[in-house]
Structure formats: C-alpha cells, structure tokens
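Peer 1: Right, I'll just put the structure down here and ask away after.
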Amino acid sequence: MPKVLISDKMSPLAAKIFRERGVEVDEITGKTPEELKAIIGEYDGLAIRSSTKVTKDILAAATNLKVIGRAGIGVDNVDIPAASAAGVVVMNTPFGNSITTAEHAIALMFALARQLPEANAQTQAGTWPKNGFMGVEVTGKTLGLIGAGNIGSIVADRALGLKMKVVAFDPFLSADRAVELGIEKVELDQLLARADFITLHTPLTDQTRNILSAENLAKTKKGVRIINCARGGLIDEAALKELLDSGHIAGAALDVFVTEPAKEHPLFGTPNFVATPHLGASTNEAQVNVALQVAEQMADYLVSGGVTNALNMPSLSAEEAPRIRPYMALAERLGSLIGQLSHDAVPRISIHTEGAAAELNPKPIVSAVLAGYLRVHSDTVNMVNAPFLAKERGIEVREVRTEREGDYHTLVRVSVKTEAGERSVAGTLFGNEAPRLIELFGIKVEADLAGHMLYVVNEDAPGFIGRIGTTLGEAGVNIGTFHLGRRAAGGEAVLLLSVDEPVTPDLIAKVRALPGVKTVMALKF
Ligand SMILES: NC(=O)C1=CN([C@@H]2O[C@H](COP(=O)(O)OP(=O)(O)OC[C@H]3O[C@@H](n4cnc5c(N)ncnc54)[C@H](O)[C@@H]3O)[C@@H](O)[C@H]2O)C=CC1
Ligand SMILES: O=C(O)CCC(=O)C(=O)O
C-alpha cells in the first residue's frame, strides 16, 4: 500500500480521501528540515502547502518518493529540477484557491482605500477618529494588474464589477484574451504611470523578481496604492518603505514577504502599510478545494498512474490512461531494446508513431521510450526524469507522426543515430493491448519483449536452429518463446528467444562458439 506524508496543515479531507483511495497516510506537521529528512525515506508521496521546503537535500533522503503534491499554486518551495532529476512528479492544484486569493487582493485594496485596519484599531482604542480617515473611492480608478493569469483575471473581473478601469502588463496575455477580459494590455511603464492601484499576480521567477524595483516604484503615479498577494520578492521592500515614508506611495498591502514567516520587518508600523500573514488562500472553501484535489491527484498517480497538473511530466487523464498505457509499455520496451543493443552514446533518438498511435498524446510515449533507453545504464531513470536526463546527456529527441496506417493499424518506431548510421526497431499492439516487436534493424521479426531473452545474429544456414536448441538443452535452459527473422534466404538472420532464467556468460560463450554466429547478447525486459 503506498504511503503519504502530509507535512503542512491541511484540511482533514485530504487524509480522508487518501484512506478511501487505499493510500496509507501520516499527518506530521511542523518538522524541521533535519527531522523531515529522517523520516521522508518511508514515504511514496509528500503533500505540502507552503511551509515545507522540499530542497535537494530532502530529496536526496527521499529514496522512495514518487510524487510531491502542493495543495495550492506556487511551487517555489520545491526544487523542481532536483525533483525531476530524482524522478519525482511535482503536482499543484492550479485553480482551487484562485477565487479566494483574488478576493483577498480586493479586500486589501479596500483596506488601503479606506484605511480600515488603522481605523478599526483607533476606534476600538476609544479615540473615535471620525476626521482622521479620509478615504478614496475605487469607482472610476485605474487598477494596474501585473500578471493576468488565473488569479489576475478574476481580480480584473471583480474590479470591472466595481466600475474600475483595468490595465494589465503580462507579456503572455494575448490581445484576444485582453478583449475577452475587458481589460487593456499595456507595457509596464504605461501601467506604472497610469495606475491608481497596482496588484501583482505573477509567480516569482528570474523575470519577475524585483519587478517593482526601486526604479520602477519611482515611476508610479504619486498616491498609488500597491497590493501584493502573489510572492515576496516581486517588490523591493526597502524602496517601498522609503516611498511610503515620503508619501509618494499612499498605501501598500502585503500578504507575502521576501522572508516568511515575517515576524519582524522594517515595514511594520509604517503608516498606511497593511500586512497579512500569507492568508491569500486561507478560506474554508479554498482549503477544501486544494486538499481534495491534491489528495485525488496524488492517489491517482500512486494507485493507477494517472497524472494531472504535474509541472514536470506530461498529463495523462484517467480516460486517456487505459488507452495509452499499452503504448507506454511498448515504447519503453522498444527504447530498452535499442538501448541494450546500442553500445555507444547516441546523439539522436527519433520516435515515429503511425496509424492509431499517431492520434495519441505523444509526450508519454516519448518519455517512455527515453526511460526504457536510459534505464539500461541507470536504475533510477523513470518517465519523469528521462526527458531531463536525455537533455542533460545532449541527446536530441525527435518526434514524427504519420496518421495514415501502414502495414499495421498502429506502429511505434524508435530510431537512433549511431556512427554506423540510423538503426531502428518497431513494434505494434496486438489486440490494441499486447506489445509486440515487429522489426529489428530492418529485419522482420515478431516477438514479445519480456523477461530474460537471448539475441543471436547468425548466418542463415540449415541445421542452426537444431544446434542452438541442443546447446540450450544441454545447458539445462528452458526455451519459452522462439522468434526468427532474416534479411534474405542465406543472408543475415536474427533469433530472439525467451528463457526462464537469466542468461549466463557461460551460455553466451557456448552459443558464440556455434558455427555461423556473429553476435550473441543477453537481453532483459
Ligand atoms: N498569497 C497566496 O496565498 C497565494 C499566492 N499565489 C501566487 O499567485 C501567483 C499567480 O497565480 P495564478 O494567477 O494562479 O498563476 P497563473 O500562472 O495563472 O498566472 C500568472 C501570470 O503571470 C504572468 N507572468 C509571467 N511572467 C510575467 C512577467 N515577467 N511579467 C508579467 N506577467 C508575467 C503569466 O503570463 C500568467 O498570466 C502564483 O504564482 C502564486 O505565487 C497563489 C495562490 C495563493
Ligand atoms: O497554502 C497556502 O496557504 C499558500 C497558498 C499559496 O501561496 C499558493 O497556492 O501559491
């Protein structure tokens, strides 16, 4: 039974779903990195929010880990390249808390417009400060969105409902989408110059880090109010403090900070500064959504191999999975076959799908070929890290699709470029289910690729089959299946036979000694 650790506070529904889906679950929150390292080796899955930092160091200790599920959106607390290299799928729940976070941004916008936190504090302190809090209306004001993805577009929708004008800077926002959202796409400098309120909704990346730098903050309109419910690090906090103190910026509300938890901060106590402790996603609704989703997604992967919302692997829906899984088995075996038969590093692998195979999502098929090919040299390769490792090794991966059927209704061909030229193997599915080799280096040969196999290339001559049967019989080796193919009568022939036990070096030596044998190899699938 797979076992999952929930290491951050999460709705109890997550644990319930895991158990219902046949996944054992422990909920242990608040561990230090050292404590987490000591226990992570036991688990197949790790479910987190933003507190747990999944570093390279933690991943190195996570010897059984297959999947990390982030109950939320931002995955900047997970070292994704290290997870990919370790073959661990990283998933998030990209929509479950979007509305809640957008609503928090709007709430903070009003908190700034009407100075609600300070007015509340002073009223409850008994000063009745009726004349101390002259606010501003949001109606008719311009809201500048930096990032118009899921959350940004919900914020835009709500702001339009409040009769604001919305301008957005997002290099990936298409003109059509901007029209659909009813917002104006602008350059960053235009946004800075025009916005009365600015709200940030981008991930923290090398491009967005410090997007509101001291220089950019200085370009804002005097009296601007700034809201950040996305990530600390998008705004230069020191410059923000200076411009709040000088009065250039009329207000700022941060839900997120460069260093979290932010228990002390130079901004704390600054007039017109509002802070919340990373509460953007903290509503019952959002936490139920993300907990349910993350548990379902992780259980799908651990129990049946379905992949949803993975950041480092192609998705495979529950509907697609049964159709594509036999192809992945075929692709992995073809990759493994060509890997076992190629002795040198290859600069290029091409994966050609034909007929029914060409109608499928090619990504899982390609990943499976690469996993089969690379696993010949490393036990730790899987579908997640194979594309990453292939890239690291400088292997060019090509994908070709031909929808028209050839001799077979469905076919996958894997070709590698070697010093001797292009070599390829091809296979099909019998009954849309059973993977079968149909061609090996240009020779037609039908074979199951399973278990321990012996691969022999010999000169096609009478008596050879009898001699090989006798050799295996005398060695006490039982033949399971026997498959033959040849280029032309009397030419080069290929023999692939499956045997019940591992092929020993002694048996290989005996077969190699038979007349007419050119190559002998043990294969394992
Ligand atoms: N405070 C909180 O509790 C929460 C914070 N978040 C944060 O909100 C962020 C946004 O979430 P979503 O809208 O769901 O993500 P999303 O991926 O749907 O949207 C992000 C948008 O940022 C844009 N973008 C990327 N690089 C940019 C750049 N250099 N300049 C301008 N725009 C750029 C993208 O094109 C995209 O449209 C997340 O990455 C996460 O860090 C999310 C949920 C809760
Ligand atoms: O889990 C949380 O409370 C934080 C949510 C968040 O920051 C995210 O989903 O990116």
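Take the sequence shown: its letter number 100 is residue 100 in UniProt numbering, and every next letter is one higher.
We put the CB at the ideal spot given by N, CA and C, even for glycine.
This one's a predicted model, so the numbers in the text were calculated from it and none came from an experiment.
1. With 16 as the cutoff for other CB atoms within 10 Å, does Glu237 come out buried or exposed?
2. Can the beta-carbon of Ala156 be found less than 8 Å from the beta-carbon of Ala168?
3. Does the beta-carbon of Gln124 have 16 or more other beta-carbons within 10 angstroms, so that it is buried, or is it exposed?
4. When you compare only the Cα positions, how much space is there between Ile40 and Gly355?
5. Looking at the unbroken alpha helix (DSSP H) that takes in Phe18, where does it start and where does it end?
6. If distances are taken between C-alpha atoms only, which option among Ile226, Leu188, Glu187 and Ile211 comes closest to Thr199?
7. Going along the chain, which residues of its own chain have a beta-carbon closer than 7 Å to the beta-carbon of Ala61, five neighbours each way excluded?
8. Measuring from the CB of Gly69, is there a heavy atom of ligand 1 at a distance below 7 Å?
9. Identify the residues that DSSP records as bridge partners of Arg436: which are they?
10. What residues sit near ligand 2, counting only those whose C-beta is closer than 5 Å to one of its heavy atoms, in chain order?
11. On a CA-only basis, which of Gly491, Asn312 and Gly269 is nearest Ala83? Give me that one, please.
12. Going by the beta-carbon positions, is the gap between Asp79 and Thr55 smaller than 8 Å?
13. Roughly how many angstroms lie between the CA atoms of Leu145 and Gly135, to the nearest whole one?
14. For a test of your reading of the model: does the CB of Ala148 fall under 7 Å from any non-hydrogen atom of ligand 1? Yes or no.
15. Taking DSSP as the reference, what is the three-state secondary structure of Met1?
16. So, helix, strand or coil for Val414, using DSSP?
17. Flag Asn97 as yes when its Cβ comes closer than 7 Å to any non-hydrogen atom of ligand 1, and as no otherwise.
18. Does the distance from the CB of Asp57 to the CB of Pro2 come in under 8 Å?
19. On the DSSP bridge list, what partners appear for Ile48?
20. Does His452 come out as helix, strand or coil in the three-state DSSP assignment?
21. Whole-angstrom Cβ separation of residue 534 and Val290, contact assumed at under 8 Å?
22. Candidates Ala230, Asn272 and Tyr373: which alpha carbon is nearest Leu243's?
23. Return the residue from the list Gly223, Phe197, Glu446 and Lys241 that minimises the CA-CA distance to Ser213.
24. When you compare only the Cα positions, how much space is there between Val511 and Pro502?
25. Going by C-alpha distance, which of His278, Leu13, Val384 and Val258 is nearest Ala310?
26. Sort out for me which residues DSSP pairs Gly355 with in a bridge.
27. Cβ-heavy atom distance between Phe172 and ligand 1 below 7 Å?
28. Between Phe169 and ligand 3, is there a pair consisting of the residue's CB and a ligand heavy atom that are separated by less than 7 Å?
29. Is the closest heavy atom of ligand 1 to the C-beta of Asp255 under 7 Å?
30. Answer with buried or exposed for Glu332, where buried requires no fewer than 16 other C-beta atoms within 10 angstroms of its C-beta.
31. Would you call Gln293 buried or exposed, if buried means 16 or more other Cβ atoms sit within 10 Å of its Cβ?
32. When DSSP builds the beta bridges, which residues end up paired with Ile198?
33. If you reduce the DSSP assignment to three classes, tell me which class Arg404 lands in.
Peer 2: So, from the data block:
1. Taking the first residue of the sequence shown as 1, we reach residue 237 at position 237. Around the C-beta of Glu237, 16 or more other C-beta atoms lie within 10 Å, and the residue is accordingly described as buried.
2. As a position in the sequence shown, residue 156 is number 156, starting the count at 1. As a position in the sequence shown, residue 168 is number 168, starting the count at 1. In this structure, Ala168 lies closer than 8 Å to Ala156 by Cβ.
3. Start at 1 with the first residue of the sequence shown, and residue 124 comes out as number 124. Label assigned to Gln124: exposed.
4. Position 40 of the sequence shown, counting from 1, holds the residue named residue 40. Position 355 of the sequence shown, counting from 1, holds the residue named residue 355. Roughly 44 Å separates the two Cα atoms.
5. As a working note, residue 18 is residue 18 in the sequence shown. Start and end: Pro12 to Glu20.
6. Residue mapping note: residue 199 aligns to position 199 of the sequence shown, counting from 1. Comparing Cα-Cα distances from Thr199 to each of Ile226, Leu188, Glu187 and Ile211, the minimum goes to Ile226.
7. Position 61 of the sequence shown, counted from the start, is the residue given in the question as residue 61. Around Ala61: Lys37, Ile40 and Gly41.
8. Against the sequence shown, residue 69 aligns to sequence position 69. No, the Cβ of Gly69 stays beyond 7 Å of every heavy atom of ligand 1.
9. Residue numbering aside, residue 436 sits at position 436 when the sequence shown is read from its first letter. DSSP lists Thr428 as partners of Arg436.
10. Spelled out in chain order, the answer is Arg49, Ser50, Gly72, Ile73, Gly74 and Ala281.
11. By one-based count along the sequence shown, residue 83 stands at place 83. Of all alpha-carbon atoms in Gly491, Asn312 and Gly269, the one lying nearest the alpha-carbon of Ala83 is that of Asn312.
12. Position 79 of the sequence shown holds residue 79. Position 55 of the sequence shown holds residue 55. Yes, the Cβ-Cβ distance between Asp79 and Thr55 is below 8 Å.
13. By 1-based counting over the sequence shown, the position of residue 145 is 145. By 1-based counting over the sequence shown, the position of residue 135 is 135. The straight-line gap separating the alpha-carbon atoms of Leu145 and Gly135 is approximately 22 Å.
14. Along the sequence shown, read from residue 1 onward, the residue named residue 148 stands at position 148. Result yes, Cβ under 7 Å from ligand 1.
15. Mapped onto the sequence shown, residue 1 falls at position 1. Under the three-state reduction of DSSP, Met1 is assigned to coil, being neither helix nor strand.
16. Numbered from its first residue, the sequence shown carries residue 414 at position 414. Note: Val414 maps to strand in three-state DSSP.
17. In the sequence shown, residue 97 corresponds to position 97, counting from 1. The answer is yes for Asn97.
18. The count along the sequence shown starts at 1 and reaches residue 57 at position 57. The count along the sequence shown starts at 1 and reaches residue 2 at position 2. Contact flag unset, no.
19. Translated into positions along the sequence shown, residue 48 becomes position 48. Beta-bridge pairing links Ile48 to Arg70.
20. Along the sequence shown, one-based indexing puts residue 452 at 452. Per DSSP, reduced to three states, the secondary structure at His452 is strand.
21. There is simply no residue 534 to check, as the chain begins at 1 and stops at 525 in what is shown.
22. If you number the sequence shown from 1, residue 243 lands on position 243. The closest CA to that of Leu243, considering only Ala230, Asn272 and Tyr373, is found on Asn272.
23. Locating residue 213 in the sequence shown gives position 213, counting from the first residue. Of the candidates Gly223, Phe197, Glu446 and Lys241, the one whose C-alpha sits nearest the C-alpha of Ser213 is Lys241.
24. Numbered from its first residue, the sequence shown carries residue 511 at position 511. Numbered from its first residue, the sequence shown carries residue 502 at position 502. Going from the Cα of Val511 to the Cα of Pro502 covers about 15 Å.
25. Along the sequence shown, one-based indexing puts residue 310 at 310. Residue Val384 is the option with its Cα nearest to Ala310.
26. Start at 1 with the first residue of the sequence shown, and residue 355 comes out as number 355. Paired residues: Thr410.
27. As a first step, residue 172 is located in the sequence shown; it is residue number 172 there, counting from the start. At least one heavy atom of ligand 1 is nearer than 7 Å to the Cβ of Phe172, so yes.
28. Ligand 3 is not among the ligands present in this structure, which contains only ligand 1 and ligand 2.
29. Sequence index remark: in the sequence shown, residue 255 carries index 255 (1-based). Correct: Asp255 has its Cβ closer than 7 Å to ligand 1.
30. One-based indexing of the sequence shown puts residue 332 at position 332. When all chains shown are included, Glu332 counts as buried.
31. Counting from 1 along the sequence shown, the entry for residue 293 is found at position 293. Buried: at least 16 other Cβ atoms inside 10 Å.
32. The residue labelled residue 198 in the question sits at position 198 within the sequence shown. According to DSSP, which records beta bridges pairwise, Ile198 is partnered with Gly144 and Ile226.
33. Locating residue 404 in the sequence shown gives position 404, counting from the first residue. Coil, per DSSP.
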